[in-house]
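Engineer: In terms of the working numbering, the sequence shown opens at residue 1 and continues consecutively. All residues carry an ideal CB built from backbone N, CA and C; glycine is no exception. The structure presented is a predicted model; accordingly, all values stated were derived computationally and were not measured. Handing you a structure now.
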Amino acid sequence: MKTRILSVRDDGIDAVSAAFSEVIESGGIAAFPTETVYGLGGNGLLASAAAKIYAAKGRPSDNPLILHIGKEEQLFPLIAEMTAEAEALIRAFWPGPLTLIFQKSEIVPRETTGGLNTVAVRMPSDPTAHRLLMDCALPVAAPSANISGRPSPTSFRHVKEDLFGRADLLIDGGDSAIGLESTILDLSGQVPTLLRPGFITLEKLQAVIGEVQEDPVIRPEHIIAGIPADFRPKAPGMKYRHYAPKAPLTVVRGSAAAVAEALNRIADEDTGILTSEEHAALFQKGRVLTVGRLKDPESIAHALFSTLRRFDELGVHRIYSEDFTEADIGTAVMNRLLKAAGGSVADAETL
Ligand code: AMP
Ligand code: MG
C-alpha cells in the first residue's frame with residue numbers, strides 16, 4: 001500500500017487536517033498523535049474500516065476499538081443512554097486520557113466493538129488530535145498505532161517503523177505527552193469498573209463519582225498468576241500479550257542494592273537492564289537504559305514504551321527491570337511493565 005507522510009510542523013495543521021478527513025471519509029486508515037499514544041484511525045461507523053485497522057495491526061478482531069470524538073455532541077448518537085455519572089466524568093476529564101464504556105446504539109457496527117453490545121469512547125486533549133477530530137465529521141475508531149503485541153508508539157519514529165506500507169496516511173505530531181494508553185472505565189454495568197489503569201487514577205475517578213471497582217484482571221497479582229485460558233475479561237484486550245519487547249523481560253523485586261547485586265552477578269553484554277536514573281550507577285554490567293526519575297513517576301510513564309523499543313534496537317537477548325512504585329500513575333506503569341513481562345517476576349535474593 002502507498003503510504004503518505006505528513007508532519008504538523010512542516011506541512012501545517014490545515015493541510016494535515018484536510019488530508020486526515022479525506023482519508024477517514026473515504027474509508028481509509030490514518031495514524032495520528034494523541035496525548036496518550038499514537039492511534040491508527042478509521043471511520044468508526046464503517047465495518048470495512050475496522051477490518052482494515054485489524055489487518056494493518058495484525059490484531060485479533062474480537063479486541064474492540066475505542067471511538068475518538070472532538071465534540072461532546074458526537075457522543076449521543078453512539079450510545080444507548082447518557083447517565084449523571086458519565087456527565088460528571090465528562091465535565092471533569094474530557095478532553096483527556098479517559099475512555100468511557102457505554103451500551104452502544106444501533107449505528108455502531110459490531111465489527112468496531114469486537115462483537116460487543118458496548119462501545120468505548122474518548123475525547124483526546126492533544127491539540128493536533130483535537131483539531132483533526134473537530135474537523136472530521138465522523139467518530140474515529142482507533143487502537144494504538146503499533147503492530148499487535150509490540151509496545152505502543154509514543155513517537156512518530158515508532159509509528160513509521162510499524163505501519164509504513166500498511167496505512168494510507170501517517171501524521172507526525174511529535175512525542176506523546178503522557179506515553180501510556182488511556183484509563184478505561186466501564187459505565188455499562190451496575191458499578192463503574194476500572195478496566196485499564198492510566199493517567200486518570202482510581203482515586204481521581206472516585207473523587208468525582210464515588211464508588212468505582214477494579215476489574216481483578218488489572219491487579220498485579222493476577223497478571224503474575226496469568227489469566228486462565230477459559231476466562232473472559234471485560235476488556236477483551238486484557239487477555240492478549242501486550243507491549244512486549246522482543247527479548248523476554250523479568251521484573252526483579254527487592255531493594256535497589258539487592259537487585260544491583262544480583263544483576264551485576266548474572267548480566268552479560270546481551271542483557272538489557274531497565275532502571276531509574278537514581279539507580280543507574282549501581283549497575284556495572286549489561287546494557288543499562290534509564291526510563292526516568294523515581295522522584296517523577298510521570299517521567300517513567302512517558303519513557304516506558306520507547307525504552308522497551310530501544311532494547312529491541314540494541315538486540316539484547318534478555319531484559320531485567322527494577323520494580324517501580326504503584327502509587328498514582330505508578331499503577332498504570334506497573335500494569336504495562338508486568339504485561340510486557342508476561343507476568344514474569346523474580347526475587348533479587350533468589351536470582
Ligand atoms: P488500544 O486501542 O490498543 O488501547 O486497545 C483498546 C482497549 O480498549 C482494548 O484493551 C479493548 O479491550 C478495550 N475496549 C475497547 N472497547 C471496549 C468495550 N466496548 N468493552 C470493553 N473494553 C473495550
Ligand atoms: Mg494497543
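#1: With DSSP collapsed to three states, give me the class of Ser-255.
#2: What is the rounded straight-line gap between the Cα of Pro-352 and the Cα of Asp-312?
#3: For the beta strand (DSSP E) containing Asn-360, name the first residue and the last one.
#4: Could you tell me whether the Cβ atoms of Gly-357 and Ala-51 are closer together than 9 Å?
#5: Under 6 Å from any heavy atom of the ligand MG, by CB: list those residues in chain order, please.
#6: Check whether the Cβ atoms of Ile-218 and Arg-196 sit closer than 9 Å, and answer yes or no.
#7: How would you call Ile-319, buried or exposed, if buried means at least 16 neighbouring beta carbons within 10 angstroms?
#8: Among Glu-326, Val-345, Asp-62 and Leu-6, whose alpha-carbon lies nearest the alpha-carbon of Ser-148?
#9: Per DSSP, what kind of secondary structure is Ile-417 in: helix, strand or coil?
#10: Would you mind giving the Cβ-Cβ distance between Val-345 and Val-251, rounded to the nearest angstrom? I have them listed as a contact below 8 Å.
#11: Do Leu-351 and Thr-307 count as a contact pair if the criterion is CB distance below 9 Å?
#12: Can you have a look at Asp-162 and say buried or exposed, based on whether 16 or more other CB atoms are within 10 angstroms of its CB?
#13: Any heavy atom of the ligand AMP closer than 8 Å to the beta-carbon of Glu-81?
#14: If I measure Cβ to Cβ from Ala-47 and keep anything under 6 Å in the same chain, skipping five residues before and after, which residues do I get?
#15: Helix, strand or coil for Ser-7, going by three-state DSSP, please let me know.
#16: Quick check: the Cα distance between Leu-6 and Ala-19, rounded to an integer number of angstroms?
#17: Write down the C-beta distance between Leu-89 and Val-208 rounded to the nearest angstrom, noting that I regard them as a contact closer than 8 Å.
#18: Of the choices Leu-314, Phe-324, Val-16 and Ala-247, whose alpha-carbon is the least far from that of Ala-129?
#19: Out of Gln-284, Ser-255 and Ala-257, which one is the CA nearest neighbour of Glu-269?
#20: If Pro-143 and Lys-57 are in contact, beta carbons under 8 Å, what's the gap, nearest whole angstrom?
#21: Ile-24 lies in the alpha helix (DSSP H); which residues open and close that run?
#22: Answer with buried or exposed for Asp-186, where buried requires no fewer than 16 other C-beta atoms within 10 angstroms of its C-beta.
#23: Give the secondary structure of Ser-105 by DSSP, where H, G and I count as helix, E and B as strand, and everything else as coil.
#24: Could you tell me the alpha carbon to alpha carbon distance between Glu-81 and Gly-189, rounded to whole angstroms?
#25: Between the C-alpha atoms of Val-259 and Glu-349, what's the straight-line distance to the nearest angstrom?
Structural biologist: Result, derived from the coordinates:
#1: Of the three classes helix, strand and coil, the one that applies to Ser-255 here is coil, per DSSP.
#2: Residue 352 falls outside the range modelled here, since the chain spans only 1 to 351, and no answer is possible.
#3: The requested residue 360 is not part of the displayed model; the chain covers only 1 to 351.
#4: This structure cannot speak to residue 357, because the chain is shown only from 1 to 351.
#5: Listed by position in the chain, the residues whose beta carbon lies within less than 6 Å of some heavy atom of the ligand MG are Pro-143, Ser-144 and Ser-152.
#6: One thing to note: Ile-218 has its Cβ within 9 Å of the Cβ of Arg-196.
#7: So Ile-319 counts as buried.
#8: Of the listed residues, the one whose Cα sits closest to Ser-148 is Asp-62.
#9: As shown, the chain starts at 1 and ends at 351. That puts residue 417 outside it, with no answer to give.
#10: About 5 Å separates the two Cβ atoms, so the contact holds.
#11: Not a contact, by the Cβ cut-off of 9 Å.
#12: The residue in question, Asp-162, is buried, as its Cβ has 16 or more Cβ neighbours within 10 Å.
#13: Not one heavy atom of the ligand AMP is found less than 8 Å from the C-beta of Glu-81.
#14: Contacts found: Pro-109 and Glu-111.
#15: When DSSP states are grouped into helix, strand and coil, Ser-7 belongs to the strand group.
#16: Distance from the CA atom of Leu-6 to the CA atom of Ala-19, rounded to whole angstroms, is 9 Å.
#17: Indeed they touch by this definition, with Cβ atoms about 6 Å apart.
#18: Here the closest residue by C-alpha is Val-16.
#19: When Gln-284, Ser-255 and Ala-257 are compared, the shortest CA-CA separation from Glu-269 is found for Gln-284.
#20: Going by Cβ atoms, the distance from Pro-143 to Lys-57 rounds to 6 Å, so yes, they are a contact pair.
#21: Secondary structure note for Ile-24: its alpha helix (DSSP H) is the uninterrupted segment 13-25.
#22: Under a 10 Å Cβ-count criterion, Asp-186 is classified as buried, with 16 or more other Cβ atoms of the shown protein chains found around its own Cβ.
#23: Coil.
#24: In a straight line, the C-alpha of Glu-81 is about 12 Å away from that of Gly-189.
#25: If you take the alpha carbons of Val-259 and Glu-349, they lie about 8 Å apart.
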